[in-house]
Amino acid sequence: MTASMGIALHPEHGASADDLLKNADIAMYHQKANGKDGYTFFSQAMLGPATQDMVLEHDLRLALENGELEMYYQPQVAMGTQGITGVEALMRWNHPQRGLLGAGEFLPQAEENGLIFPMTDWMIEAVCHDLCAWNARTSTRMRMSINVSPQYLDRGHFSEKLQNALTRHGLSSSQFEVEITENICIRNPLMAIEQLNRLSQLGVNIAIDDFGTGYSSLSYLHQFPIHTLKIDRAFVIGIHNEATPQPVVLAIISIAKGLGLQIVAEGVETLTQRNYLASAGCQTIQGFFYHRPMRQEKLLALISPPVLLIL
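Under my numbering, think of the first position of the sequence shown as 4, with each following residue one higher.
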């Protein structure tokens with residue numbers, strides 16, 4: 004029997020117990036890489052790219068345990084009424100050292116190491132809890148859009164988990180929309196058809212996120228129960244004046260209209276972009292022009308009806 008040990012000393016290798024344990028783990032992995040049966044003291048030189056991935060995985064596990072994950076919500080605004088009709092749920096991580104991290108800074112790693120599964124389970128419960136609070140505050144039933152990774156969808160239990168959560172919280176499936184990337188439909192079409200049909204039968208809407216940025220095949224739009232196409236920000240940022248046609252944007256809107264699908268443009272930041280998309284027939288806008296992603300409390304204040312004071 005052999006043993007590999009990593010050693011971190013207080014205070015030079017960490018001020019808290021979590022830091023010391025993390026750095027001791029790093030030292031242990033370095034000892035294993037250099038030959039088992041021995042010990043290694045932690046040093047800052049160990050913090051290379053591979054080690055940073057390991058540290059991020061360690062921190063992510065702690066984030067789930069310590070309640071550091073949080074959902075932010077970006078409103079979606081209808082062009083006809085200028086009212087908020089729904090929100091996209093976006094995960095954030097309140098990292099104790101690095102501050103607030105966007106999903107792109109940690110979800111790819113979570114997809115690689117398997118943490119995407121407990122994190123998605125947590126997200127489902129969190130958004131259901133928040134949606135109950137919205138429903139209690141206003142009579143307007145907003146739609147909740149959530150992003151689901153290919154790995155989670157491939158597991159085959161998503162529709163059942165979502166249905167169970169909706170039942171526990173007393174929510175209607177019609178308030179939910181699941182956003183997937185078009186690559187999910189193309190890389191494993193049989194699995195995608197099965198899973199998306201289950202969601203559709205449940206009453207959940209399906210949106211294709213970042214449409215046109217992946218390996219598109221228009222045939223899947225007929226095969227899958229899709230309700231919404233989302234125009235990616237990559238196409239929106241090219242709109243600099245209202246007079247210049249944007250062929251890709253116009254083509255996506257035309258496809259959606261021809262198939263009877265809803266259209267949402269995301270990443271809209273300027274009045275010019277908003278006006279161009281509205282005149283082109285885009286029904287819903289999402290972006291900084293209207294609202295940045297916000298915490299639950301701020302959204303509640305935004306959607307709550309004004310209180311009349313009678314003096």
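C-beta: ideal position from N, C-alpha, C; glycine also.
From a predicted model like this one, the values you see are computed outputs, not experimental measurements.
Simplified DSSP assignment, three categories, for residue i
i: Lys300; result: The sequence given here has Glu at residue 300, not Lys. Of the three classes helix, strand and coil, the one that applies to Glu300 here is helix, per DSSP.
i: Tyr42; result: strand
i: Pro111; result: helix
i: Pro78; result: strand
i: Ser152; result: coil
i: Glu185; result: helix
i: Phe238; result: helix
i: Leu12; result: coil
i: Gly105; result: coil
i: His243; result: coil
i: Gly86; result: coil
i: Leu205; result: helix
i: Ile211; result: strand
i: Asn97; result: strand
i: Thr231; result: strand
i: Val251; result: helix
i: Ser307; result: coil
i: Leu72; result: strand
i: Leu314; result: Legend: pLDDT at Leu314 = 49, less than 50; position of this residue unreliable, no value from coordinates given.
i: Ala27; result: helix
i: Ala6; result: coil
Pair within 7 Å by beta-carbon distance, residue i and residue j
i: Ala283; j: Ile256; result: yes
i: Phe214; j: Leu199; result: no
i: Ile149; j: Ala92; result: yes
i: His172; j: Asn208; result: no
i: Tyr76; j: Arg95; result: no
i: Ile127; j: Ala66; result: no
i: Asn26; j: Ala11; result: yes
i: Gln178; j: Arg144; result: yes
i: Glu180; j: Ile211; result: no
i: Ala254; j: Met82; result: no
i: Ala268; j: Ile242; result: no
Rounded C-alpha distance that separates residue i from residue j
i: Tyr42; j: Met49; result: 14 Å
i: Leu118; j: Phe161; result: 15 Å
i: Leu224; j: His33; result: 49 Å
i: Pro192; j: Arg64; result: 32 Å
i: Thr84; j: Gln286; result: 10 Å
i: Phe109; j: Leu59; result: 8 Å
i: Leu203; j: Asp40; result: According to the sequence shown, residue 203 is Ser rather than Leu. Cα to Cα, Ser203 sits roughly 55 Å from Asp40.
i: Gly270; j: Leu221; result: 23 Å
i: Gly17; j: Gln47; result: 11 Å
i: Gln166; j: Leu205; result: 7 Å
i: Ser152; j: Lys164; result: 15 Å
i: Ala136; j: Gly89; result: 14 Å
i: Leu314; j: Ser307; result: Caution is warranted here: a pLDDT of 49 is assigned to Leu314, below 50, making its placement in the model unreliable, and no coordinate value can be reported.
i: Ile288; j: Tyr279; result: 11 Å
i: Glu272; j: Ile87; result: 16 Å
i: Ala106; j: Glu115; result: 14 Å
i: Gln226; j: Ala195; result: 10 Å
i: Asp28; j: His98; result: 19 Å
i: Ala237; j: Asp124; result: 30 Å
i: Ala246; j: Gly159; result: 46 Å
i: Ala259; j: His61; result: 43 Å
i: Arg190; j: Gln112; result: 20 Å
i: Cys188; j: Phe44; result: 48 Å
i: Leu264; j: Met8; result: 58 Å
Local Cβ density within 10 Å of residue i, reported as buried at 16 or more and exposed below that
i: Ile240; result: exposed
i: Val310; result: The predicted position of Val310 is uncertain, since its pLDDT is 49 and thus under 50; no value can be drawn from it.
i: Ile104; result: A quick correction: the sequence has Leu, not Ile, at residue 104. Answer is buried; the Cβ neighbour count reaches 16.
i: Arg277; result: buried
i: Arg146; result: buried
i: Glu15; result: exposed
i: Gly290; result: buried
i: Asp56; result: exposed
i: Leu100; result: Before going on, a small fix: residue 100 reads as Gln here, not Leu. The residue in question, Gln100, is exposed, as its Cβ has fewer than 16 Cβ neighbours within 10 Å.
i: Pro78; result: buried
i: His13; result: exposed
i: His294; result: buried
i: Pro262; result: Before going further, note that residue 262 is Leu rather than Pro in the sequence given. Leu262 should be labelled exposed.
i: Leu274; result: exposed
i: Ala304; result: exposed
Residue-level contact to chain D via CB, residue i, 7 Å cutoff
i: Phe214; result: Checking the listed chains, one finds no chain D in this structure; it contains a single protein chain.
Review point. Is it a yes or a no for the region 20 to 29 touching the region 71 to 79, going by three-plus beta-carbon pairs under 8 Å?
Key: Between the region 20 to 29 and the region 71 to 79, the count of Cβ pairs shorter than 8 Å is below three; the stretches do not touch.
Check your understanding: Are the region 292 to 307 and the region 132 to 141 touching by the rule of at least three beta carbon pairs closer than 8 Å?
Key -> Taking 8 Å as the limit for Cβ pairs, the verdict is that the region 132 to 141 does touch the region 292 to 307.
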